[in-house]
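Worksheet for the structure shown next.
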Amino acid sequence: MFERSGDIIVEFLRTNVPEFARLSAGWENPAGDTYFRKQRQAADSADEKLSAIFYNMMKDIGVELHRKLYAFTIKGPPLGQKRILDMCMAPGGFLAIALQKNPGAHALGFSLPVSQGGFQRLLSPSKNVEVKFMDITMLVQDMGATDIPSNHPDSDHFIRQQQLGPQDKFHLVLCDGQVLRQHQEFRAQYRERCEARRLTATQLALGLEHLEPGGTMVVLLHKVEAWDTVLLLWKFSKFSTVRLFKPTKRHVNRSSFYMVASKVQSLSAAATAAIKVWKEVWRVATFDLNGEMKHNWREEEPSAKELIDEFGDQLIRLGKHIWKTQADALEKAAFIRG
1 MFERSGDIIV EFLRTNVPEF ARLSAGWENP AGDTYFRKQR QAADSADEKL SAIFYNMMKD
61 IGVELHRKLY AFTIKGPPLG QKRILDMCMA PGGFLAIALQ KNPGAHALGF SLPVSQGGFQ
121 RLLSPSKNVE VKFMDITMLV QDMGATDIPS NHPDSDHFIR QQQLGPQDKF HLVLCDGQVL
181 RQHQEFRAQY RERCEARRLT ATQLALGLEH LEPGGTMVVL LHKVEAWDTV LLLWKFSKFS
241 TVRLFKPTKR HVNRSSFYMV ASKVQSLSAA ATAAIKVWKE VWRVATFDLN GEMKHNWREE
301 EPSAKELIDE FGDQLIRLGK HIWKTQADAL EKAAFIRG
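Quick note: the sequence shown uses the UniProt record's numbering, first residue 1, plus one each step.
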């Protein structure tokens, strides 16, 4: 059903948004597949040189993001009591800018260990920054899983000690982690079909659960028009002010963009319901190895028509400049120009 819903959304946007129609035409060039595959392969290594390139790139994106949307501004708490949570920190470029914009703030960062294919930490050491090197998708206690089957492929690898308690609250949460292909050799086979879902659900569930009411979340997403992305934007619009940002100098022709959700009512019924769904998504992706677990989050989703009626105009307003920026960049891309 959700695949059909995605088609309906895309057709709605093609018909009503010239910028999206132009972008769709750009994507239909088959040379683009080869171009982007080579770019992904080049970005796969997490060695020191590429970690440095990635670190500086994320700083550049962070500077532009803050200049346009003041995304990293923490309002309210006194100096020294501002707290930042970075769900996937290393190499640390994003967090570096967030700390720069909030002098004296304290930060907690999670990061995949280098020994498991993660990026090296390049953020300068500071007494105000604590880093926990661990795979956040394995935080079973934090994600509410208490009954772990002894025969599960990851039974010995799950992190059973809770990392974030009820008292751990943050004013700014950064969720920009992506699945790293160099991590693949360290992952159990069952994870390959669902790792992106597990990582996204973990970041969103724990990030929102530990966000102070009125705080801000910065979330890396892909394809504004994708059904799951549209649903996510719709959900966040119910309990926060949603704005979107696409860098104009880095990753311009890719589908990635950032959602900045500010004034988040993290204790609202809508937010609590979203956290529950994301934890359930993670639970099924982690433990339903045979496709036998019952879940109903798809059944509870609105239909594409219902979502368009309620959220279509806002979706167009949010996505218009993202699609235009990407379409402009694609028209200048090497594989288009030949």
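Backbone N, C-alpha and C fix where the C-beta goes; we use that ideal spot for every residue, glycine too. Remember, it's a predicted structure, so these values are computed and weren't measured experimentally.
Legend entry - The beta strand (DSSP E) enclosing residue 83, as first and last residue numbers: In the DSSP annotation of this structure, the continuous segment of the beta strand (DSSP E) that includes residue 83 starts and ends at 83-86.
Legend entry - Straight-line Cα distance separating residue 285 from residue 226: Distance between the alpha carbons of residue 226 and residue 285 is about 20 Å.
Legend entry - Local Cβ density within 10 Å of residue 349, reported as buried at 16 or more and exposed below that: Any property of residue 349 remains undetermined from this structure, which presents the chain solely from 1 to 338.
Legend entry - Cβ-Cβ distance between residue 266 and residue 215 below 9 Å: With contacts defined by Cβ atoms closer than 9 Å, residue 266 and residue 215 form a contacting pair.
Legend entry - contact_flag[the segment 89-105, the segment 198-214] where n(CB pairs < 8 Å) is 3 or more: As far as the Cβ criterion goes, the segment 89-105 does not touch the segment 198-214, which means the pair count is below three.
Inset, instruction - Flag this pair as yes or no: are the beta carbons of residue 143 and residue 297 separated by less than 9 Å? - result: One thing to note: residue 143 has its Cβ no nearer than 9 Å to the Cβ of residue 297.
Legend entry - Beta-carbon contacts of residue 238 that lie in its chain and below 6 Å, excluding the five residues immediately before and after: Short of 6 Å from the beta carbon of residue 238, and not among the five residues preceding or following it, lie these beta carbons of its own chain, in chain order: 270.
Inset, instruction - Whole angstroms is fine: what's the gap from residue 145's alpha carbon to residue 160's? - result: Our two residues, residue 145 and residue 160, have alpha carbons roughly 9 Å apart in a direct line.
Inset, instruction - List in chain order: all unbroken alpha helix (DSSP H) runs of 4+ residues lying wholly within the segment 51-126. - result: Complete alpha helix (DSSP H) runs here, min 4: 93-100.
Legend entry - Distance CB(residue 384)-CB(residue 236) smaller than 9 Å: Coverage of the chain is limited to positions 1 through 338, which leaves residue 384 absent and any answer about it impossible.
Legend entry - Inter-residue CB distance, residue 12 and residue 275 (contact presumed, cutoff 8 Å): In this structure, residue 12 and residue 275 do not form a Cβ contact; the two beta carbons are roughly 29 Å apart against a cut-off of 8 Å.
Legend entry - Contact set for residue 6: own chain, Cβ-Cβ below 7 Å, skip 5 residues either direction: Here the set comprises 226 and 227.
Legend entry - At least three beta-carbon pairs within less than 8 Å, the segment 108-122 to the segment 252-259: They do not touch, by the three-pair rule.
Legend entry - Sequence ranges, alpha helix (DSSP H) only - wholly within the segment 231-298, length at least 4: Complete alpha helix (DSSP H) runs here, min 4: 269-287.
Legend entry - Check whether residue 118 and residue 96 have beta carbons under 9 Å apart: One thing to note: residue 118 has its Cβ no nearer than 9 Å to the Cβ of residue 96.
Inset, instruction - Using a threshold of 9 Å, state whether the C-beta atoms of residue 232 and residue 259 are closer than that. - result: Going by C-beta atoms, residue 232 is nearer than 9 Å to residue 259.
Legend entry - Sequence-distant residues of the same chain with beta carbon closer than 7 Å to residue 14, five excluded per side: In the same chain as residue 14, and ignoring 5 residues on each side of it, the C-beta atoms closer than 7 Å to its own belong to 20, 21 and 24, in chain order.
Inset, instruction - Report the rounded CA-to-CA distance for residue 101 versus residue 289, giving the unit in angstroms. - result: Distance from the CA atom of residue 101 to the CA atom of residue 289, rounded to whole angstroms, is 44 Å.
Inset, instruction - Work out the CA separation of residue 151 and residue 59 for me, nearest whole Å. - result: When rounded, the separation of the alpha-carbon atoms in residue 59 and residue 151 is 43 Å.
Legend entry - Identified DSSP bridge partners for residue 132: Paired residue(s): 110.
Legend entry - Nearest-angstrom beta carbon gap, residue 54 and residue 174 [assumed within contact, 8 Å]: Actually they do not touch by this definition, with Cβ atoms about 15 Å apart.
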